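Chemist:
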Amino acid sequence: MCGPETTNRPRGGALAALSSLDDAGHATTCGDLAFHTPGLPESNEATHVRLMPDAAYDAKTLSDLSVVIHSSGDPRTRIEDCGTFKTFGFPTTAESFSAAQAFVELPLSKPLLLEVGNEGIIGRRVSLYAGASPSRIVAEGIVGVNFLRGAAQPSFGMVQE
Numbered sequence: 693m694c695g696p697e698t699t700n701r702p703r704g705g706a707l708a709a710l711s712s713l714d715d716a717g718h719a720t721t722c723g724d725l726a727f728h729t730p731g732l733p734e735s736n737e738a739t740h741v742r743l744m745p746d747a748a749y750d751a752k753t754l755s756d757l758s759v760v761i762h763s764s765g766d767p768r769t770r771i772e773d774c775g776t777f778k779t780f781g782f783p784t785t786a787e788s789f790s791a792a793q794a795f796v797e798l799p800l801s802k803p804l805l806l807e808v809g810n811e812g813i814i815g816r817r818v819s820l821y822a823g824a825s826p827s828r829i830v831a832e833g834i835v836g837v838n839f840l841r842g843a844a845q846p847s848f849g850m851v852q853e
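Those letters in the sequence shown? Residues 693 to 853, per my numbering, in order.
#1: Within 10 angstroms of the Cβ of E697, are there 16 or more other Cβ atoms? Answer buried if so, exposed if not.
#2: For D773, which three-state DSSP category applies?
#3: Can you list, in chain order, the residues of its chain whose CB lies under 7 Å from that of M693, leaving out five sequence neighbours each side?
#4: Taking the continuous beta strand (DSSP E) assigned at A794, which residues delimit it?
#5: Following the continuous beta strand (DSSP E) through V779, name the residue where it begins and the one where it ends.
#6: Taking 9 Å as the cut-off, decide whether the C-beta atoms of A708 and V818 are in contact.
#7: Would the stretch 735–743 count as touching the stretch 798–812 if we require 3 or more Cβ pairs under 8 Å?
#8: Which residue wins for smallest C-alpha separation from T779, given the options N810, Y821, A794, E797?
#9: Starting from R828 and walking both ways along the beta strand (DSSP E), at which residues does that stretch end?
#10: Within the present structure, is the beta-carbon of I834 separated from the nearest heavy atom of the ligand MG by less than 8 Å?
#11: Roughly how many angstroms lie between the CA atoms of L743 and G705, to the nearest whole one?
#12: Classify D724 as helix, strand or coil using the three-state DSSP reduction.
#13: What did DSSP end up calling G704 once you bin it into helix, strand or coil?
#14: Leaving aside the five residues before and after V837 along the sequence, list all residues of the same chain whose C-beta is less than 7 Å from its C-beta, in chain order.
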């Protein structure tokens, strides 16, 4: 490919594509939540989280957010039954999202492991709540791997001794 890459999405790490339901019950996209370590795209842990809302999303609703990473990743399960793995505040304001910077990023108090199971966040359900006390879900998604383009892909074959 030619030319510079003009994206605000981090390379590597983990990514949750967030969506919400409109009044008719149809899914609407509202952005991405990326978990990464700046400058180390191959890291197996995330030290930062970045919220990248869609350009068309109303930034007024993206203030004083809470992020909940659930214990379960099953989207068919009621949210109340998913448990809580990790929660943190995402203090943003409508002014945080300017034309020059269409994302908000913050360091995590403790790194998150980018693996499946145990203490990892891959495959877990994530919810974005409005307000400091989780009351209204703004959007939800499932945390997945954000592979690097051109990087060596993991081998899932049998190991021979």
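Heads up, the beta-carbon is just placed ideally off N, CA and C, and yes, glycines get one too.
In this text, all values refer to a predicted model and were calculated from it rather than measured experimentally.
Modeler: Inspection of the coordinates gives the following:
#1: Reliability fails at E697, whose pLDDT of 44 lies under 50, so the model's placement of it is uncertain and no value is given.
#2: Collapsing the DSSP output to three states places D773 in a helix.
#3: The pLDDT assigned to M693 is 38, lower than 50, so where the model puts this residue is not dependable; a value taken from the coordinates is nonetheless given after this. Cβ within range, chain order: n/a, list empty.
#4: Unbroken run through A794: none, as it is neither H nor E.
#5: Correcting the residue identity first, residue 779 is Thr in this sequence and not Val. Element bounds for T779: 778–782.
#6: Yes, the pair counts as a contact, with Cβ atoms nearer than the cut-off.
#7: Taking a cut-off of 8 Å on C-beta distances, the stretch 735–743 touches the stretch 798–812, as three or more cross pairs fall below it.
#8: Minimum Cα distance to T779 is reached at Y821.
#9: Start and end: 828–837.
#10: With respect to the ligand MG, the structure shown offers nothing to examine, as it has no ligands at all.
#11: Here the alpha carbon of L743 sits roughly 14 Å from the alpha carbon of G705.
#12: In the structure shown, D724 sits in a strand (DSSP, three-state: E or B).
#13: Note: G704 maps to coil in three-state DSSP.
#14: Its chain contains A706, I814 as the residues whose beta carbon lies nearer than 7 Å to that of V837, once the 5 sequence neighbours on both sides are disregarded; these appear in chain order.
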